[in-house]
Amino acid sequence: CNILAIESSCDETSASVISDGKILNNIVATQSVHEKYGGVVPELASRAHQQHLIPVVHEAMQGSGLALEALSAVAFTRGPGLMGALLVGVSFSKALAYALDLPLIDVNHMEAHVLAHFIEEPRPEFPFICLTVSGGHTQLVLVRDYLDMEVVGETTDDAVGEAFDKIAKLLGLPYPGGPFLDARASKGNPKAFTFPVSDMKGLSFSFSGIKTAVLYFLKGHLKENPNFIQENMEDICASVQYTLIKTLIQKLKKAAKQFHIHNIAIAGGVSANSGLRWTLQKEAAKQGWQVFIPKMEYCTDNAAMVAMAAHYKYQKGLFCGLDISPLAKMKIGKNG
Ligand code: ATP
Ligand code: MG
Ligand code: FE
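Using the UniProt record's numbering, read the sequence shown as starting at 3 and increasing by one per residue.
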């Protein structure tokens with residue numbers, strides 16, 4: 003079976019074709035219009051999706067070597083995400099499915115991030131825990147099967163990617179700041195400065211406290227030394243990154259223990275972070291974990307992961323109707 007999948011939940015317009023569970027291609031158009039605003043502007047995102055979607059789908063279909071008539075289904079991200087952005091992908095998918103008389107498959111973006119692990123070898127064995135860390139989410143997901151997952155812990159305020167980006171902005175780094183902060187951090191001393199590690203109950207996270215702590219820390223130092231940031235950039239970045247990762251790993255360890263899990267996976271844009279990757283490998287050796295980290299292109303938003311999720315839903319006959327609408331907030335495991 004051949005499925006065309008579309009992703010448009012945030013600021014990446016993407017299309018991918020999957021054939022019998024094998025990803026044929028993954029075309030991603032990243033929107034650069036948001037850079038000068040230092041954050042995603044929803045209205046601009048919707049417009050950019052409208053501009054990019056048809057060329058991106060065209061490229062994906064051409065690259066697959068398949069004609070539209072060879073498709074068995076059309077899949078799309080239903081949510082969570084920006085309503086206007088999702089609408090573009092959902093409406094296009096509905097129209098295409100209607101025109102070609104094909105079944106439609108709705109996909110939860112956060113489930114898709116987890117299922118990105120099944121695009122290539124080595125694939126994790128069930129059950130596993132996936133730490134999904136992105137610009138909008140920070141979740142610990144207990145994955146029992148392809149379509150059987152449960153959020154066992156999540157952030158009560160900001161996502162960790164948001165914390166990376168907001169702190170990077172305070173430091174005057176470009177947007178999105180995560181990768182820039184990461185690059186500076188690798189040259190600094192992680193113990194140079196101490197920031198508070200939020201200690202939330204159970205498996206919950208909180209990342210708004212550290213952002214405020216860094217803001218006051220910088221304000222205090224800048225009063226004495228206007229060049230404080232420039233002179234200490236690498237050490238500040240290393241210390242912030244160390245604190246953020248420490249929080250993630252602490253909760254991951256707690257979850258692994260609580261559910262007796264040894265297979266650990268990470269997903270989402272922040273899994274690109276070199277400090278997180280390194281710390282996870284080190285912790286895995288200590289804890290006897292087997293660790294799974296997807297290829298970079300499958301960590302950030304992409305349609306290949308949506309296609310993978312659609313493949314499993316197709317096998318179970320899980321289709322949706324043409325009356326489906328996007329959901330800005332959509333929970334894992336509770337579709338609707
Ligand atoms: P969601 O999937 O929750 O809807 P999103 O689409 O914005 O959110 P992704 O595209 O998966 O999320 O990830 C983007 C985030 O990843 C940004 O916050 C970005 O700063 C962060 N990020 C990317 N690379 C790194 C890195 N090397 N270190 C830290 N953060 C990073
Ligand atoms: Mg993004
Ligand atoms: Fe995402």
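No residue lacks a Cβ here, since even glycine has one placed at the ideal position from N, Cα and C.
Exercise for the section: Indicate the three-state DSSP secondary structure (helix, strand or coil) for residue 153 in the structure shown. Expected result: Here residue 153 refers to the residue found at position 151 when the sequence shown is read from its first residue. Strand.
Practice task
Flag this pair as yes or no: are the beta carbons of residue 76 and residue 99 separated by less than 7 Å?
Solution key: Position 74 of the sequence shown, counting from 1, holds the residue named residue 76. Position 97 of the sequence shown, counting from 1, holds the residue named residue 99. Yes, the Cβ-Cβ distance between residue 76 and residue 99 is below 7 Å.
Handout entry: Boundaries of the alpha helix (DSSP H) in which residue 94 is found, first to last residue
Key = In the sequence shown, counting from the first residue as 1, residue 94 sits at position 92. Residues 85 to 102.
Practice task
Helix, strand or coil for residue 81, going by three-state DSSP, please let me know.
Solution key: The residue you call residue 81 lines up with position 79 of the sequence shown. Residue 81 falls in the strand class under three-state DSSP.
Exercise for the section: State the DSSP-derived secondary structure class of residue 219, mapped to helix, strand or coil. Expected result: Reading the sequence shown from its first residue, position 217 is the one you call residue 219. Residue 219: helix per DSSP, three-state reduction.
Exercise for the section: Take residue 59 as the anchor and find which of 40, 17, 178 and 110 has the nearest alpha-carbon. Expected result: Here residue 59 refers to the residue found at position 57 when the sequence shown is read from its first residue. It is 17.
Handout entry: Straight-line gap, residue 184 to residue 240 (C-alpha atoms, nearest Å)
Key = On the sequence shown, residue 184 is found 182 positions in, with the first residue counted as 1. On the sequence shown, residue 240 is found 238 positions in, with the first residue counted as 1. Spanning the two alpha carbons is a distance of roughly 8 Å.
Practice task
Whole angstroms is fine: what's the gap from residue 21's alpha carbon to residue 225's?
Solution key: Counted from its first residue, the sequence shown places residue 21 at position 19. Counted from its first residue, the sequence shown places residue 225 at position 223. Each residue's alpha carbon lies about 60 Å from the other.
Handout entry: C-alpha distance - residue 123 paired with residue 278, whole-angstrom precision
Key = Here residue 123 is taken as the residue at index 121 of the sequence shown, counted from 1. Here residue 278 is taken as the residue at index 276 of the sequence shown, counted from 1. Looking at the two C-alpha atoms, the distance is approximately 21 Å.
Handout entry: Cβ-based burial, residue 127 [other Cβ within 10 Å; buried from 16]
Key = The residue you call residue 127 lines up with position 125 of the sequence shown. Burial call: exposed.
Exercise for the section: Report whether the distance from the Cβ of residue 303 to the nearest heavy atom of the ligand ZN is below 6 Å. Expected result: Looking for the ligand ZN in the displayed structure turns up nothing; the ligands present are the ligand ATP, the ligand MG and the ligand FE.
Exercise for the section: Identify every run of the alpha helix (DSSP H) within the region 18 to 86, keeping only runs that are complete inside it and at least 4 residues long; order them along the chain. Expected result: 44 to 66
Exercise for the section: Apply the 10 Å Cβ neighbour rule to residue 229 and answer buried if 16 or more other Cβ atoms are within range, or exposed otherwise. Expected result: As a first step, residue 229 must be located in the sequence shown, where it is residue number 227. The residue in question, residue 229, is exposed, as its Cβ has fewer than 16 Cβ neighbours within 10 Å.
Exercise for the section: Return yes when at least one heavy atom of the ligand ATP lies under 6 Å from the C-beta of residue 12, else no. Expected result: What you label residue 12 is simply residue 10 of the sequence shown in a count that begins at 1. Yes, Cβ of residue 12 sits closer than 6 Å to a heavy atom of the ligand ATP.
Problem - Inter-residue Cα distance where the pair is residue 307 and residue 280 - result: Looking up residue 307 in the sequence shown gives position 305. Looking up residue 280 in the sequence shown gives position 278. Answer to the nearest angstrom: the Cα atoms are 24 Å apart.
Practice task
Quick one: using the 10 Å Cβ neighbour count with 16 as the cut-off for buried, is residue 325 buried or exposed?
Solution key: For the purposes of this step, residue 325 is taken as the residue at position 323 of the sequence shown. Looking at its Cβ environment, which holds fewer than 16 other Cβ atoms inside 10 Å, residue 325 is exposed.
Handout entry: residue 176: CB within 6 Å of a non-hydrogen atom of the ligand ATP
Key = By 1-based counting over the sequence shown, the position of residue 176 is 174. No - the ligand ATP has no heavy atom lying nearer than 6 Å to the Cβ of residue 176.
Exercise for the section: Starting from residue 131, trace the beta strand (DSSP E) both ways and give me its first and last residue. Expected result: As a working mapping, residue 131 is identified with position 129 in the sequence shown. Element bounds for residue 131: 130 to 135.
Problem - residue 271 CB to nearest heavy atom of the ligand ATP below 6 Å - result: Residue numbering aside, residue 271 sits at position 269 when the sequence shown is read from its first letter. Flag set: Cβ of residue 271 near the ligand ATP.
Practice task
Find the nearest neighbour of residue 237 within the set 205, 269 and 186, judged by alpha-carbon distance.
Solution key: Taking the sequence shown and counting its residues from 1, one reaches residue 237 at position 235. Checking every option, the nearest Cα to that of residue 237 belongs to 186.
Practice task
Out of 61, 143, 24 and 323, point me to the one whose CA is closest to residue 130's CA.
Solution key: Against the sequence shown, residue 130 aligns to sequence position 128. In this structure, 143 is the residue among 61, 143, 24 and 323 with its C-alpha nearest to the C-alpha of residue 130.
Practice task
Taking 8 Å as the threshold, find out whether the region 79 to 96 comes into contact with the region 262 to 274 through three or more Cβ pairs.
Solution key: no
Exercise for the section: Locate the alpha helix (DSSP H) running through residue 9, then write down its first and last residues. Expected result: For the purposes of this step, residue 9 is identified with residue 7 of the sequence shown, where counting begins at 1. Run containing residue 9: none in the alpha helix (DSSP H); it sits in the beta strand (DSSP E), 4 to 9.
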